[in-house]
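In our numbering, the protein residues as written are 455 to 1220. The block underneath contains the structure these notes are about, expressed in structure tokens.
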Ligand code: BGC
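Right, here's the structure in full:
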């Protein structure tokens, strides 16, 4: 069983007592002849690693490479304790409580021969008890400081239950919203994902790794998983080496530079090689090129799955290929613990390979201070701390994107008499938490309906008619009631979207239109002629062209977490101005996918004047269609571009200037622009800097984000925004596969989204 179930309740109450019994009946494993240098924190980490390694039996070494999930069932716990005391387990995931974590740790410390602590792990992906927006929503904040704070809070809360390792950040570039896991990452962009990767690693790991509230980060899924063919989860990828290095790997390299302690190999096979057996990735690039000295864990059973891939003949072969490729710790499939000893004895795996992997794991355990402080050191009271909830509210507000606001429909005024709140996501506490929120609790979650009632209920009459029971609900019976209520209201807030279960792992969709009868609900509400504000709460970009058309204003919130309701209420009534920007392009229709801003120009770029389907006369001759790259039915552009998002201000950009027209490769470009808020409200804008390398040894993309800044301006205020861009950041892997800046001509833009047009040119010389 993968995740904790109701049996966890039994575990919480009964198991610590069982551990006490087990410990009483087991003699302490540590024998007197152990050289305890490794226990001395004043010794350098490498000396401790080597000292401990030199005293380990082959079985104990292999044990460190083995990660198990918390087992349930008759006798399972006793068996686990036995295995831990024999040194057969290096790490556990999904241990549900602090008491249990400490109990198991006690078995490892007091009862195994060398007393090596366990590393306890969990998927703490976007918060623990206080759930933040899903990572896609956090990326939409373009606020690295806030993202770092969110990760810090998640670490603090999770560590109060003994968790010292999270399987995050997920930094897979994803350009296909059919893929359910797009929810878990930072979207389509290399730069945005890279800076968010650093922010999350910094937040999880904290300033001092040995602090009880610091948890090891895990950069996943290494690598290329986001390119799963056709957006179907676990599917194969075909990423060329250059595309891998230019697009998919940079966030992982950034995580490494930030000191990320662990990596997780991905499920996919790229060009025929599953990541868990990919030596080029796990050893040549990760260790050779980047100098990584932490450890790599497999994804769930992905070592064994190399058999299903047809890459390994059987589990033993999989153990051999995984370990020799550089995969240090195996998550749950148990091939290492079963076969590595045999493989060593047969000479198929060298003891050096084993030692290297064990050392990588021990190094992380020492760095985390686990030998000194193995037990939970963070108090339970940190959960749902007020400051945590405030940060979650801020994150959900900053991560919500306003896509439309005709006739200044928003913000709503409290002078308004009656508001209808409708839609299946208006009061869906479980679903607004999103995917990977195992520890979030719906009873502690505030919905849009709760917040509107709570904050504005005494000023405005709030009528609630859900219209539909849940997002896939096809029963239209409630729609008439909602429409009737709309007729008596002054404004309608319709909250629609996707339940949490519709995105995330193994939850890909072939069709990303609104599900159930939600489309009918919006259409019927729109026909009432009442001001219609549609709020989407979803795990991915949906194809919403029709609903955007039908609505007066649109907010889009990627599952916003515990405080999603108050955050959205703050935006609706203008307590906060929307400032979120899209971290991913919104397609007009599923057939446009993949569609992303940082694409190649092609030899026949679209001009914007293409002939569309209905303009083609019958029996048209073949040459009449305009020979550019576009769709007859969908044209060229997306519904909304990357970086797009409105605010209650009215921003304009002017006077773009750079300090020179020609730069050397070691120079830094200083670009400035005047940003003005011509609107009547204070608002925050995310100014974005893009570049294009006009000619390369291989073709370059039409735009690449290279910087952004959040700027808050009062009504009528202007300011000069300055970016400093080292020319070295323009480097890429060209024809010779060397990462370098190629001298030549460049264009630089600054603006409010990836469609911005204010630009200037410069050149780079040798
Ligand atoms: C997922 C990982 C996750 C792991 C542990 C896998 O199925 O792909 O992202 O960290 O399970 O729960």
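For glycine and all other residues, C-beta sits at the position ideal for the given N, C-alpha and C. Please read all numbers here as calculations on a predicted model, not as lab measurements.
Annotation: the stretch 1058-1136 contains the following complete segments of the beta strand (DSSP E) (minimum length 3 residues), in chain order: 1105-1112 and 1122-1131.
Between the C-alpha atoms of residue 842 and residue 602 there is a straight-line separation of about 13 Å. By the neighbour-count definition (other C-beta atoms within 10 Å, threshold 16), residue 1153 is an exposed residue.
In the DSSP annotation of this structure, the continuous segment of the alpha helix (DSSP H) that includes residue 533 starts and ends at 530-539. As for any beta strand (DSSP E) of minimum length 3 sitting wholly inside the stretch 837-863, the runs are 855-859, ordered along the chain.
At a threshold of 8 Å, residue 715 does not count as near ligand 1, since its beta carbon sits no closer than that to any of the ligand's heavy atoms. In the DSSP annotation of this structure, the continuous segment of the beta strand (DSSP E) that includes residue 675 starts and ends at 672-676. In the three-state scheme derived from DSSP, where H, G and I count as helix and E and B as strand, residue 1010 is classed as strand.
Counting every other CB atom within 10 Å of its CB across the protein chains shown gives residue 1111 a total below 16, marking it as exposed. Distance from the CA atom of residue 682 to the CA atom of residue 779, rounded to whole angstroms, is 22 Å.
By the beta-carbon neighbour count (other beta carbons within 10 angstroms, threshold 16), residue 1001 is buried. Below 8 Å, enough C-beta pairs join the stretch 512-522 and the stretch 805-820 to call them touching: three or more. In summary, residue 1081 is exposed, with fewer than 16 beta-carbon neighbours lying within 10 Å of its beta-carbon over all protein chains present.
The three-state reading of DSSP puts residue 574 in strand, counting E and B together. The C-beta separation of residue 491 from residue 568 comes to about 12 Å, leaving the pair out of contact by the 8 Å criterion. Rounded to whole angstroms, the gap between the alpha carbons of residue 496 and residue 1195 is 44 Å. Separation of residue 819 and residue 867 (C-alpha to C-alpha, rounded to the nearest whole angstrom) is 55 Å. The DSSP assignment places 759-762 as complete runs of the alpha helix (DSSP H) inside the stretch 724-763, in order along the chain (cut-off: 4 residues). The bridge partners DSSP lists for residue 951 are 991. Under the three-state reduction of DSSP output, residue 510 falls in the coil class, being neither helix nor strand. In this chain, the alpha helix (DSSP H) harbouring residue 645 covers 644-659.
Assigned with DSSP and collapsed to three states, residue 1153 falls in coil, not helix or strand. Distances taken from the Cβ of residue 743 to the heavy atoms of ligand 1 include none shorter than 8 Å. Each residue's CA atom was taken as its position, placing residue 892 and residue 992 some 17 Å apart. Annotation for residue 624 indicates a beta carbon within 8 Å of some heavy atom of ligand 1. With a cut-off of 8 Å, the C-beta of residue 654 is classified as distant from ligand 1, since no heavy atom of the ligand falls inside that distance.
Listed in chain order, the non-local C-beta contacts of residue 688 below 6 Å within the same chain comprise 721, local neighbours out to five positions each way being set aside. By the neighbour-count criterion, in which 16 or more other beta carbons inside 10 Å mark a residue as buried, residue 645 falls on the buried side.
In this structure, DSSP gives residue 612 a helical state, which the three-state scheme calls helix. Under the three-state reduction of DSSP output, residue 505 falls in the helix class.
Rounded to whole angstroms, the Cβ separation of residue 815 and residue 746 is 13 Å, and the two are not in contact under 8 Å. At a cut-off of 8 Å, the beta-carbon of residue 633 does not count as near ligand 1: no heavy atom of the ligand is closer than that. Here the stretch 1106-1123 lies against the stretch 1202-1219, with 3 or more beta-carbon pairs under 8 Å apart.
Where residue 1160 is concerned, the enclosing beta strand (DSSP E) starts and stops at 1158-1167.
Just measuring C-alpha positions, the residue of 1030, 1162 and 973 sitting nearest residue 1036 is 1162. If you look at residue 1215, you'll find it isn't in any alpha helix (DSSP H); it sits in the beta strand (DSSP E) that goes 1213-1218.
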